[in-house]
Structure formats: C-alpha cells, structure tokens
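Keeping their order, the protein sequence lines are chains A and B. For the first sequence, position 3 matches number 3 in my numbering, and the numbering has no gaps at all. For the second sequence, position 44 matches number 44 in my numbering, and the numbering has no gaps at all. Ideal Cβ placement from N, Cα and C applies to all residues, glycine included. Keep in mind the model is a prediction, meaning the values are calculated, not measured. Let me begin by presenting the structure, written as structure tokens, before commenting on it.
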Amino acid sequence: MGLEIAFWILAATCIGAGLAVVLLRDVFRAALCLVLCFLMVAGIYVTLSADFLAAVQVLIYVGAISILIILAIMLTKGVQRGSLSSKLRIPAFVVAALFLGAVSFAMINTPWQLAGVAPLEPTTPALAGKLFGEGGFILPVEIAAVLLLAAILGAIILVREK
Amino acid sequence: MSVGLEHYLILSAILFSIGLYGALAKRNAIVILMSIEIMLSAVSIAMVAFSRYIVPLLLTGQVFVIFIMVVAAAEAAVGLAIIIAIYRSRETIDSTQIDLMKW
Numbered sequence: 001m002g003l004e005i006a007f008w009i010l011a012a013t014c015i016g017a018g019l020a021v022v023l024l025r026d027v028f029r030a031a032l033c034l035v036l037c038f039l040m041v042a043g044i045y046v047t048l049s050a051d052f053l054a055a056v057q058v059l060i061y062v063g064a065i066s067i068l069i070i071l072a073i074m075l076t077k078g079v080q081r082g083s084l085s086s087k088l089r090i091p092a093f094v095v096a097a098l099f100l101g102a103v104s105f106a107m108i109n110t111p112w113q114l115a116g117v118a119p120l121e122p123t124t125p126a127l128a129g130k131l132f133g134e135g136g137f138i139l140p141v142e143i144a145a146v147l148l149l150a151a152i153l154g155a156i157i158l159v160r161e162k
Numbered sequence: 001m002s003v004g005l006e007h008y009l010i011l012s013a014i015l016f017s018i019g020l021y022g023a024l025a026k027r028n029a030i031v032i033l034m035s036i037e038i039m040l041s042a043v044s045i046a047m048v049a050f051s052r053y054i055v056p057l058l059l060t061g062q063v064f065v066i067f068i069m070v071v072a073a074a075e076a077a078v079g080l081a082i083i084i085a086i087y088r089s090r091e092t093i094d095s096t097q098i099d100l101m102k103w
C-alpha cells in the first residue's frame, strides 16, 4: 500500500516538474525544476527496487549534470532573455500529443508476459556480476570509459580560450 | 488499485512527450538540452520497469540504464561545451538564430 502512495506522489511531482521545465519562462527556475524531476525519478527507481540506480541517479544527474546546466545558464545570456517558444509551438504540441496517444495505446493493449517473481533485493552485487563477470558487459564498460574520456577531452578543447 | 508495469510505462510515455515538446518548441538551446535529458530519464524509467516486471532476476534493463547515464553525461558535457562555444562566437544561444549551416 505504501508503495502505491509513494508511486502516485512521485509520478505526479515528476510530471509537474517536467511540465514546469518546458513551460516556465525563467531558465534558472526551469533548471531547478529539472533537478526536482531528476530527484523524483530517483524515487521511482526506489519503488522499482533498483537501489543502486537510485543512488547513481542522485550522484550523476542531481549532482553533476544539474551543476553543469546551471553553470552553462550562468555563462550565457539565457537568464535575461528567458525561455521563449519558437514558431513550431503548436505543431510540436500536436506531435507530442499524437506520440503520447499512440505509445499509450500500444502499451495498454500489448499483453506483457509478466514474471511473478519477486525482484532481487540488493541489486548492487548482481549488477557488478553482470557488468564485470563472465559473459557480462565488460566490453561495453571499456568502450564507455573511452567514450567518457573522448567526451571530456572534446569538451575541454571546445571551450578553451583561443 | 495496485501499481503495475503499465503505470510505469504510461509515466515514462508522458515524460517522454513533455521532453519531445520542449525539444521541438523551445528557442533556448540549453532548455532544448534539458528537454533531451528529460527524454533520456523517461526511457530509463521504462527500462527499469521492464527489468523489474518481466525479467526480475536478470537485471539487463538496469545495466542498460547505467550505459544510458554514461552517454547522457557525455552528451551533456559536449552539448554544453558546444553551446558555450557558439555563445562566444555569435553572442546568442537562440536556436532560431544559429542558422549558419542553413541552406
């Protein structure tokens, strides 16, 4: 019962914060709403018994990416101009609504083959086994490390003063 | 009413649509990037929900979410660096005015 209440509160706050991100005129407040949305997503991971992912979500999204976005807002003139809509506002709304309708229809009408098994409770050891163990995802982990290094080098070179 | 897979999937679809609207309709490049982050979070919720309800013992969906987070971090770093570089050279981050490569 507690899980249901938590889900509905988290989902409502998450959708509200997401709407605020795209509807608010003030870019800085939109960024703060984005932080709230990320926190609620971490809570939703907890209700899905994904404890490690919830911690990583708070560390990476709430801790790092939000700081990066707020820093970029401070460095540009977005705060004075505000977050305006382009001419595509109404077509974009129609496309998003159509997408939502189609995807919801497909999701509700697909007969998902649910497994009635209870989920793993501490997921961290199992995830480590998946990532680094035999027959796991060790090659993608190495590629992800190279990707992060390349992205950081690229970002430094892009913003370096000439 | 007990919460099941469909509820998480609908939540994910709503969040993705919000992000889609923001990415298409906004002029500020940073807000577009924020909308893309919302879309990535929505996909992650769907992945974890599938992992929890369909293959609860395999955790493959959660592994994929970890890789989504890595790619999202790289994308945010490079995207914001590009936005700041554009701001330095053109004094604007309005996506309707960044049209140097427009034919």
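Distance, residue 2 of chain A Cα to residue 146 of chain A Cα: 42 Å
Paired residues, beta bridge with residue 85 of chain A - DSSP: B:26
Candidates B:36, B:47 and B:96: closest to residue 72 of chain B by CA position: B:36
Neighbouring residues, chain B, relative to residue 140 of chain A (Cβ below 8 Å): 67
Short CB-CB distance (under 8 Å) between residue 52 of chain B and chain A: yes
Closest Cα partner of residue 48 of chain A within the set A:98, A:20, A:150 and A:123: A:123
Status (buried if at least 16 other CB within 10 Å, exposed otherwise) for residue 28 of chain B: buried
Separation of residue 86 of chain B from residue 51 of chain B, as counted between CA atoms: 40 Å
Three-way DSSP call (helix, strand, coil) for residue 51 of chain A in this model: helix
Start and end residues, alpha helix (DSSP H) containing residue 61 of chain B: 60 to 90
At least 3 beta-carbon pairs within less than 8 Å: the region 91 to 103 of chain A vs the region 13 to 25 of chain B: yes
Cβ contact (3+ pairs, closer than 8 Å) linking the region 62 to 76 of chain A and the region 140 to 154 of chain A: no
Within-8 Å CB hit, residue 26 of chain B to chain A: yes
Chain-ordered chain A contacts of residue 108 of chain B [CB-CB under 7 Å]: Chain B is shown from 1 up to 103; residue 108 of chain B falls before or after that span and cannot be answered.
Residues near residue 75 of chain A in its chain [Cβ-Cβ closer than 6 Å; skip 5 each side]: none
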